[in-house]
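Asker: Heads up: the protein sequence lines correspond to chains Y and P, in order.
Every position in the first sequence, counted from 1, becomes a number in our numbering once 139 is added.
Every position in the second sequence, counted from 1, becomes a number in our numbering once 139 is added.
Here it is, the structure, as C-alpha cells.
Number of protein chains: 2
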Amino acid sequence: MFQVGEVSRRLGLNPQTLYFYERIGLMPSPKRTAAGYRLYEPPDLERLSFITQAKALGLSLDDIKDLLMLQDGQQLSCQEVYDRLLKKVQHIDETISKLQTLKAQLNPLLEQCQQSLAQTQIGQQCVVFQQHPLVTSAEPLHNPSLHNWEDLNYDTQG
Amino acid sequence: MFQVGEVSRRLGLNPQTLYFYERIGLMPSPKRTAAGYRLYEPPDLERLSFITQAKALGLSLDDIKDLLMLQDGQQLSCQEVYDRLLKKVQHIDETISKLQTLKAQLNPLLEQCQQSLAQTQIGQQCVVFQQHPLVTSAEPLHNPSLHNWEDLNYDTQG
DNA sequence: GTTGACCTTATACTTAGGTATAAGGTGTAG
DNA sequence: CTACACCTTATACCTAAGTATAAGGTCAAC
Numbered sequence: 140m141f142q143v144g145e146v147s148r149r150l151g152l153n154p155q156t157l158y159f160y161e162r163i164g165l166m167p168s169p170k171r172t173a174a175g176y177r178l179y180e181p182p183d184l185e186r187l188s189f190i191t192q193a194k195a196l197g198l199s200l201d202d203i204k205d206l207l208m209l210q211d212g213q214q215l216s217c218q219e220v221y222d223r224l225l226k227k228v229q230h231i232d233e234t235i236s237k238l239q240t241l242k243a244q245l246n247p248l249l250e251q252c253q254q255s256l257a258q259t260q261i262g263q264q265c266v267v268f269q270q271h272p273l274v275t276s277a278e279p280l281h282n283p284s285l286h287n288w289e290d291l292n293y294d295t296q297g
Numbered sequence: 140m141f142q143v144g145e146v147s148r149r150l151g152l153n154p155q156t157l158y159f160y161e162r163i164g165l166m167p168s169p170k171r172t173a174a175g176y177r178l179y180e181p182p183d184l185e186r187l188s189f190i191t192q193a194k195a196l197g198l199s200l201d202d203i204k205d206l207l208m209l210q211d212g213q214q215l216s217c218q219e220v221y222d223r224l225l226k227k228v229q230h231i232d233e234t235i236s237k238l239q240t241l242k243a244q245l246n247p248l249l250e251q252c253q254q255s256l257a258q259t260q261i262g263q264q265c266v267v268f269q270q271h272p273l274v275t276s277a278e279p280l281h282n283p284s285l286h287n288w289e290d291l292n293y294d295t296q297g
C-alpha cells in the first residue's frame with residue numbers, strides 16, 4: 140500500500156500526473172485512508188507501469204486507455220497491441236517521408252542563398268522570397284507547389 | 140486597396156487569420172475606411188505573401204516576425220534567411236534520426252508480437268509488456284532504456 | 001502547540017497557430 | 001425599409017499531456 144508521493148518516486152512520475160490519470164479515467168480511483176489519502180496497491184502500480192511503458196513506445200493515452208479496457212475484461216490481446224504498434228511504425232514512416240520531401244525542397248533554396256551570398260556583399264536583398272508584382276489580379280498569391288508544412292505536427296524549435 | 144474578405148481570398152487565408160496576425164504583431168494595422176473597415180494596400184499584401192511563403196518553408200511565426208523586423212529596417216539579409224532555413228533543415232535531420240531510432244526499437248517488439256500470434260491462439264496474453272514482479276523495492280519502475288518519446292513533438296494520429 | 005512535509009481538490013495555464021462564437025455595426029440591392 | 005453579405009472586436013476554444021497555482025487538510029516530530 141503506497142501513497143501518492145511514494146508511487147510517483149517509484150515510477151518517475153509527477154504526483155499531479157497521478158491525479159491527472161485518474162481524472163481522465165486512465166486509472167481507477169485507488170483505495171483511500173480515513174483521511175482521504177490515496178492508497179495504491181501492487182496491481183495499481185502494475186497498471187501505472189504498463190502506462191509508462193506504453194507511453195515510451197509512443198502510444199497515446201487514448202491508445203493506452205483502449206488497451207487497458209481490453210485488459211480489464213480479459214487477457215490483453217497480442218493482436219491489439221500489434222495493431223497499434225504497427226500503426227505507430229507506419230506513421231513514423233509517413234512522417235519521415237514527408238520530412239524528406241520538405242528537406243528536398245529546402246535544399247535548393249539554401250544553395251540559392253549560398254550562391255547569392257558568394258556573389259554579393261552581405262546584406263544583399265534575399266532572392267528566396269521573390270518579390271511579387273503588385274497585386275492586380277484575383278489570382279491567389281499563396282504558393283501551393285511547396286509542400287504543405289502544416290501536415291506535420293513537428294516542433295521547429297526542438 | 141482591399142478589404143479583409145478580398146485579401147483572404149487572394150492569399151488563401153481565413154479572415155480571422157488576418158486579425159490574428161495583426162493581434163500578434165506580425166502585421167501592422169492597415170489603413171481604415173471611415174466605417175472602421177481595414178484597407179490593405181499592395182505592400183501589405185506583399186508582406187502577407189511573404190508570410191505565407193515563409194510558413195510554407197517551415198519557418199515559425201516568430202522566425203517570420205524576426206525576418207520582417209530586419210526587412211523593415213533595411214534590405215532583407217540573405218544571411219539571415221539562410222541561417223534560419225539551415226536551422227530548419229538541421230532540425231529535420233535530427234527528427235528523422237530520432238524517428239528512425241524509435242522505429243528500430245519498435246520493430247523487434249512487432250516481430251515478438253507476430254511470433255507470439257503465430258504460436259498461440261488469438262487472445263493470448265501479450266508478451267510485449269512484461270509483467271513486473273510485485274513492487275517491493277524502491278527501484279524506479281520506468282524503463283529509461285527506451286527512447287524518450289516525448290522528445291518528439293509528433294502527432295501520432297496524423 | 002508549532003512546523004514542515006505531505007496530501008487533497010479545483011482550476012488555470014503551457015505550447016503554436018489558429019478558429020469558433022457572440023454581439024454587434026456597415027453597405028448595397030431589391 | 002428589409003435582407004443579406006460583409007465588417008468589427010473580444011473572448012473562448014481546440015489539440016495532448018501534462019504542470020502550476022491556490023487554498024485548504026493531515027500527520028508526525030519537536
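We treat Cβ as the ideally placed atom computed from N, Cα and C, and that holds for glycine.
In this structure, does DSSP put S168/Y in helix, strand or coil?
Answerer: coil
Asker: Taking only three categories from DSSP, how would you classify Y160/Y?
Answerer: Secondary structure of Y160/Y (DSSP, three-state): helix.
Asker: Using a Cβ-Cβ cut-off of 7 Å (strictly less than) and excluding sequence neighbours within five positions of P182/Y, which residues of its own chain qualify?
Answerer: none
Asker: Work out the CA separation of L207/P and N246/Y for me, nearest whole Å.
Answerer: 22 Å
Asker: Do I235/P and I235/Y have their beta-carbon atoms positioned less than 7 Å apart in this structure?
Answerer: If you check the CB distance, I235/Y and I235/P come in under 7 Å.
Asker: According to the neighbour-count rule (16 or more other Cβ atoms, all chains shown, within 10 Å of its Cβ), is Q192/Y buried or exposed?
Answerer: buried
Asker: Rounded to the nearest angstrom, what separates E145/P and S216/Y at their Cα positions?
Answerer: Cα to Cα, the separation comes out at about 55 Å.
Asker: Going along chain Y in order, which residues have a C-beta closer than 8 Å to the C-beta of V143/P?
Answerer: Ordered by position in chain Y, no residue passes the 8 Å Cβ test against V143/P, which lies about 15 Å from the chain.
Asker: Counting C-beta neighbours from all protein chains within 10 Å, is the total for G197/Y 16 or more, i.e. buried, or is it exposed?
Answerer: buried
Asker: Taking CB distances under 7 Å as the criterion, tell me whether Y160/Y reaches chain P.
Answerer: no
Asker: Can you pull the chain Y neighbours of I163/P, defined as C-beta to C-beta under 8 Å?
Answerer: Within chain Y, no residue has its beta carbon less than 8 Å from that of I163/P; the closest one is some 16 Å off.
Asker: Do you know whose CA, among A243/Y, Q244/Y and V228/Y, lies nearest K237/P's CA?
Answerer: V228/Y
Asker: Determine the closest residue to D222/Y out of E185/P, P169/P, L165/P and E250/P, with distance taken between C-alpha atoms.
Answerer: E250/P
Asker: Looking at the structure shown, is S236/P part of a helix, part of a strand, or coil, going by DSSP?
Answerer: helix
Asker: Taking the straight line between their C-alpha atoms, what separation do you get for Q201/P and V220/P?
Answerer: The sequence shown places Asp at residue 201/P, rather than the Gln named in the question. Roughly 13 Å between the two C-alpha positions.
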